[in-house]
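Only one structure is covered here, and it is reproduced in the block below.
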Amino acid sequence: MQNPAITLASRLGMGAALASCLLFGALTGNAQATSSNTASKSITSSDLEALKKDFSTQLEQMKGAYEKRISQLESQLSGITTQGQSADVALRAENAALKAQDAADKAEKMYSSTLASQQITDLGKEGARFPWRELDDYTKDFEFHGMFRSNFGVNGNGGTLPIFAAPLTGGRFTLGNRNDTYGELIFINHFLQDDFKKEGVKFRTEVLVAYATTKATPNGDAKDDKFSAREVFAEVEGLCKHNPEMKLWAGQRYYLNPGFQSNNTDIANYGGYGCGIADFALAEKAWGKASIAYIGGTFDDLTSDGAVNPHPTYAKNNLVISLDEVELPYGKGLMWLTLSGAKGRDTAFRTELPCGCTIVDRYTSTCGIAAGLVHTAEDFCGGFNQASITAGYGAGSNLSSTVSNPFSQLNKSWSFMVSEAFTIQPAENFSVAFVALAQFSRLGDPETKFIDENDKKKGSTVIGNTYKNFKWLSFGIQPVYHFNKYFDIAVEGAIDWTDTKLEGGADGTLFKGTVAFEVSPDWSFSAKPVMRIFATAATWGDGFTGLVGGDAYKKNQGGYGIGAAVEASW
26 MQNPAITLAS
36 RLGMGAALAS
46 CLLFGALTGN
56 AQATSSNTAS
66 KSITSSDLEA
76 LKKDFSTQLE
86 QMKGAYEKRI
96 SQLESQLSGI
106 TTQGQSADVA
116 LRAENAALKA
126 QDAADKAEKM
136 YSSTLASQQI
146 TDLGKEGARF
156 PWRELDDYTK
166 DFEFHGMFRS
176 NFGVNGNGGT
186 LPIFAAPLTG
196 GRFTLGNRND
206 TYGELIFINH
216 FLQDDFKKEG
226 VKFRTEVLVA
236 YATTKATPNG
246 DAKDDKFSAR
256 EVFAEVEGLC
266 KHNPEMKLWA
276 GQRYYLNPGF
286 QSNNTDIANY
296 GGYGCGIADF
306 ALAEKAWGKA
316 SIAYIGGTFD
326 DLTSDGAVNP
336 HPTYAKNNLV
346 ISLDEVELPY
356 GKGLMWLTLS
366 GAKGRDTAFR
376 TELPCGCTIV
386 DRYTSTCGIA
396 AGLVHTAEDF
406 CGGFNQASIT
416 AGYGAGSNLS
426 STVSNPFSQL
436 NKSWSFMVSE
446 AFTIQPAENF
456 SVAFVALAQF
466 SRLGDPETKF
476 IDENDKKKGS
486 TVIGNTYKNF
496 KWLSFGIQPV
506 YHFNKYFDIA
516 VEGAIDWTDT
526 KLEGGADGTL
536 FKGTVAFEVS
546 PDWSFSAKPV
556 MRIFATAATW
566 GDGFTGLVGG
576 DAYKKNQGGY
586 GIGAAVEASW
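Written out as structure tokens, the structure reads:
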């Protein structure tokens, strides 16, 4: 009869060693299944095969070492007759088996983390603003992500690098058209990972700290730098056994804010404070994932683009209902409906407009509604295509969590925007990004206006009919030629046209062009980090005189700048 201790050692040791390989095989199989089912969101097959080969080699070495050790222990057991000695050797065999299992777990974490890192990079190339949220790496207890950009240059007169953007639009094409430093540091902590393995419940917290400069000059004063907590929230997943991907969250966070890669315009932006239910799968995901959230927008010194707000944004309450990953012809859709309400102000406030006018006005409590649809084709000529349509009325007219222009006729304001954008790579050495949008809106009309005695002494100007039917058309294209994996040249051409009916002007056309030589780590439009030197030039019509190009070109109808920049994300 075989010694029980030998049987125990053999089963524990060999089982653990074999489990290591089986575990790895299941892991790679799952990764391949995920890869094949997620269109262009996966790593390349060559990268996956390289990872498999590397880890297979490591696991085979581990398996051989522990099989040899267990064989030695079995030989020792066969020559032992006393029960005490047998138990001692059996314990040593069990410890060896546990070490084998621990080594397999570490190999699994290493493989999963490497795979997640590459998939996060690929998701970023597909236009995802927060790719790590689409592929949370729960093999880690702590994650560190972030982004930054830093730009500096000079204008034709030797002064600060100018910004060329159509007035009142809030958007611009960004290549060679920024003069700031902005960064975000994201800290994610996962809790109770051992319990997750047993119960499938995941807790996580996320903190995002943003930093921005307000003066892009060599002697900028540190007191003008701004810090802001843009995200501070907690989330739990797995509480619903029948819908394991459903999440509950509460706190401050970015929320429902699709945009463009080469233009800083937001299609919508509902970031703020609140709570919600996210990613509730409907009808076996046939209708995508549903989310519902209460969002309260309020003050923040920094805009979503990292610039400092020219005037405060006022609080607004929003109920946001959305469906994501909805199967549509030729792609997937994100759609949402928002109900909004804003508390009015009984006292006067002042709003400074880019034209130099000062509005002194108030607004009444009002409600509003907004809706939108974003269609994304992810497997599109080596990249993705994105089309959107949005509309809003009253307090919901700006498709934001805050009231950015609180004029007295806010309840009569409305907006409508359509856009088409793509980032493609039809050949290894050529990629291109394109954005076209059309916006039509009425953002308020301060028919009720007043000036108190103090305002009169300050010489405030009150104007009527500030905005009528605001029209904005914008087109931009950015082709990139890659000389090799690391060096490329990017050229951008853009046109912005506005018709604002603003007293004193601000109607016209802006033409902007940029040439940039870049260094980046891959053959891709979206590869990060990227370092560049650039030259930008712009020209505009009479209606924009004094409103484009900053102080350096306030009397001109054209200008240029040269500079250097860096962008990174991880």
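The working numbering numbers the first residue of the sequence shown as 26 and each following residue consecutively.
Even glycine gets a Cβ: it sits at the ideal position worked out from N, Cα and C.
### Cα-Cα separation, W522 to Q434
Numbered from its first residue, the sequence shown carries residue 522 at position 497. Numbered from its first residue, the sequence shown carries residue 434 at position 409. Going from the Cα of W522 to the Cα of Q434 covers about 25 Å.
### Task
Pull up the distance between the alpha-carbon of G489 and that of S438, whole angstroms please.
If you number the sequence shown from 1, residue 489 lands on position 464. If you number the sequence shown from 1, residue 438 lands on position 413. Confidence in G489 is poor, its pLDDT being 43 and thus under 50, which makes the residue's placement too unreliable to answer from.
### Query
If we ignore side chains and look at the alpha-carbon of each, how far apart do M271 and F228 end up?
Within the sequence shown, the letter at position 246 stands for residue 271. Within the sequence shown, the letter at position 203 stands for residue 228. Distance between the alpha carbons of M271 and F228: 12 Å.
### Task
Would you mind sorting F167 into buried or exposed? The rule is 16 or more other CB atoms within 10 Å of its CB.
Here residue 167 refers to the residue found at position 142 of the sequence shown. Exposed: under 16 other Cβ atoms inside 10 Å.
### Task
Return the CA-CA distance between F447 and N268, expressed in angstroms with no decimal places.
Counting from one through the sequence shown, the residue named residue 447 turns up at place 422. Counting from one through the sequence shown, the residue named residue 268 turns up at place 243. For F447 and N268, the distance between alpha carbons rounds to 33 Å.
### Task
Pull up the CB-CB distance for F258 and G276, whole angstroms please, since I reckon it's below 8 Å.
Stepping through the sequence shown from its first residue, residue 258 is reached at position 233. Stepping through the sequence shown from its first residue, residue 276 is reached at position 251. That belief holds up - the Cβ atoms of F258 and G276 are roughly 3 Å apart, short of 8 Å.
### Task
Take every Cβ of the stretch 531 to 538, pair it with every Cβ of the stretch 557 to 572, and state whether three or more of those distances are shorter than 8 Å.
With the cut-off at 8 Å, the stretch 531 to 538 and the stretch 557 to 572 touch.
### Query
Rounded to the nearest angstrom, how far is the Cβ of M442 from that of A412, given a contact under 8 Å?
Within the sequence shown, residue 442 is the residue found at index 417, counting from 1. Within the sequence shown, residue 412 is the residue found at index 387, counting from 1. Not a contact, Cβ separation roughly 12 Å.
### Those residues which DSSP pairs with P504 across a bridge
Numbered from its first residue, the sequence shown carries residue 504 at position 479. P504 is bridged to V457.
### Message
Are the CB atoms of S440 and G417 within a distance shorter than 7 Å?
### Response
Residue 417 sits at position 392 when you count from the first residue of the sequence shown. Residue 440 sits at position 415 when you count from the first residue of the sequence shown. It is a contact, given that the beta carbons lie within the stated cut-off.
### Query
Which ranges does the beta strand (DSSP E) cover as unbroken runs of at least 3 residues, wholly within the stretch 253 to 305, from first to last along the chain?
272 to 278
### Selection from S426, C392, N204, S444 that minimises the alpha carbon distance to H400
On the sequence shown, residue 400 is found 375 positions in, with the first residue counted as 1. Ranking the options by Cα distance to H400, first place goes to S444.
### Query
Tell me, which residues are paired with Q464 by DSSP?
Here residue 464 refers to the residue found at position 439 when the sequence shown is read from its first residue. M442, W497.
### Message
With the cut-off set at 7 Å, would you say G397 and W361 are in Cβ contact?
### Response
To locate residue 397, count along the sequence shown from 1; it is residue 372. To locate residue 361, count along the sequence shown from 1; it is residue 336. Yes.
### Query
Taking just the CA atoms, how far does L193 sit from Q286?
Residue 286 sits at position 261 when you count from the first residue of the sequence shown. Residue 193 sits at position 168 when you count from the first residue of the sequence shown. Taking the straight line from one Cα to the other gives about 21 Å.
#### Entry: Entirely enclosed beta strand (DSSP E) segments - the stretch 181 to 234, minimum 3 residues
Along the stretch 181 to 234, the beta strand (DSSP E) occurs as fully enclosed runs of 3 or more residues at 206 to 216, listed in sequence order.
### Query
In this structure, does DSSP put K124 in helix, strand or coil?
Here the question's residue 124 lines up with position 99 in the sequence shown. Reduced to three states, the DSSP call for K124 is helix.
### Query
Under the three-state reduction of DSSP, which class applies to P471: helix, strand or coil?
Here residue 471 refers to the residue found at position 446 when the sequence shown is read from its first residue. In this prediction, P471 scores a pLDDT of 47, lower than 50, which makes its location untrustworthy; the coordinate-derived value is nonetheless stated afterwards. Three-state DSSP puts P471 in coil, outside helix and strand.
### Query
Among G518, I514, K580, which residue has its Cα nearest to the Cα of S545?
As a position in the sequence shown, residue 545 is number 520, starting the count at 1. Of the candidates G518, I514, K580, the one whose C-alpha sits nearest the C-alpha of S545 is I514.
### Message
So the candidates are S316, F455, F459; which of them puts its Cα closest to the Cα of L348?
### Response
Sequence index remark: in the sequence shown, residue 348 carries index 323 (1-based). Minimum Cα distance to L348 is reached at S316.
### Query
Around the Cβ of F198, are there at least 16 other Cβ atoms within 10 angstroms (buried) or fewer (exposed)?
Here the question's residue 198 lines up with position 173 in the sequence shown. Its Cβ being crowded by 16 or more others within 10 Å, F198 is buried.
### Task
State buried or exposed for L359, treating a residue as buried only when at least 16 other CB atoms are found within 10 Å of its CB.
Here residue 359 refers to the residue found at position 334 when the sequence shown is read from its first residue. So L359 counts as buried.
### Query
Considering only residues of the same chain and omitting the five flanking positions on each side of E592, which have a CB-CB separation below 7 Å?
One-based indexing of the sequence shown puts residue 592 at position 567. Closer than 7 Å at the Cβ level, and outside the excluded window around E592, lie R174, K553, P554, V555.
### Exposed unless 16 or more other CB atoms sit within 10 angstroms - verdict on F495
Taking the first residue of the sequence shown as 1, we reach residue 495 at position 470. Burial state of F495 is buried, judged by a 10 Å Cβ sphere holding 16 or more other Cβ atoms.
### Message
If contacts are defined as beta-carbon pairs under 8 Å, then V460 and G393 qualify, I think. What distance do you get, rounded to the angstrom?
### Response
The sequence position of residue 460 within the sequence shown is 435, counting from 1. The sequence position of residue 393 within the sequence shown is 368, counting from 1. Actually they do not touch by this definition, with Cβ atoms about 27 Å apart.
### Buried/exposed call for Y585, threshold 16 Cβ in 10 Å
The residue you call residue 585 lines up with position 560 of the sequence shown. Answer is buried; the Cβ neighbour count reaches 16.
#### Entry: Nearest neighbour of S253, chosen from E260, D304, Y279 [CA to CA]
One-based indexing of the sequence shown puts residue 253 at position 228. In terms of Cα proximity to S253, the closest of E260, D304, Y279 is Y279.
### Query
Distance, Cα to Cα, A191 vs N454?
As a position in the sequence shown, residue 191 is number 166, starting the count at 1. As a position in the sequence shown, residue 454 is number 429, starting the count at 1. So the alpha carbons of these two residues sit roughly 33 Å apart.
### Span of the beta strand (DSSP E), counted from its first residue to its last, around W361
Position 336 of the sequence shown, counted from the start, is the residue given in the question as residue 361. Where W361 is concerned, the enclosing beta strand (DSSP E) stretches over 356 to 367.
### Query
Excluding the five sequence neighbours on either side, which residues of its own chain have a C-beta within less than 8 Å of the C-beta of L264, listed in chain order?
Here residue 264 refers to the residue found at position 239 when the sequence shown is read from its first residue. Excluding residues within five positions, the ones whose Cβ falls inside 8 Å are V226, M271, L273.
### Query
When we look at the beta-carbon of A577 and count the other beta-carbons within 10 Å, is it buried (16 or more) or exposed?
Position 552 of the sequence shown, counting from 1, holds the residue named residue 577. Buried is the call here.
### Message
By the three-class DSSP mapping on this structure, what secondary structure does D166 have?
### Response
Looking up residue 166 in the sequence shown gives position 141. DSSP, read as helix, strand or coil, puts D166 in coil.
### Query
Is A237 buried or exposed, if buried means 16 or more other CB atoms sit within 10 Å of its CB?
Counting from one through the sequence shown, the residue named residue 237 turns up at place 212. The residue is buried, with at least 16 neighbouring Cβ atoms inside 10 Å.
### Task
Return the bridge partner residues of T564 from the DSSP annotation.
One-based indexing of the sequence shown puts residue 564 at position 539. F536, G583.
### Query
Quick one: what's got a C-beta closer than 8 Å to N182's C-beta in the same chain, skipping five residues either side?
In the sequence shown, counting from the first residue as 1, residue 182 sits at position 157. Excluding sequence neighbours, N182 sits near A577.
### Task
State buried or exposed for L123, treating a residue as buried only when at least 16 other CB atoms are found within 10 Å of its CB.
Translated into positions along the sequence shown, residue 123 becomes position 98. Exposed.
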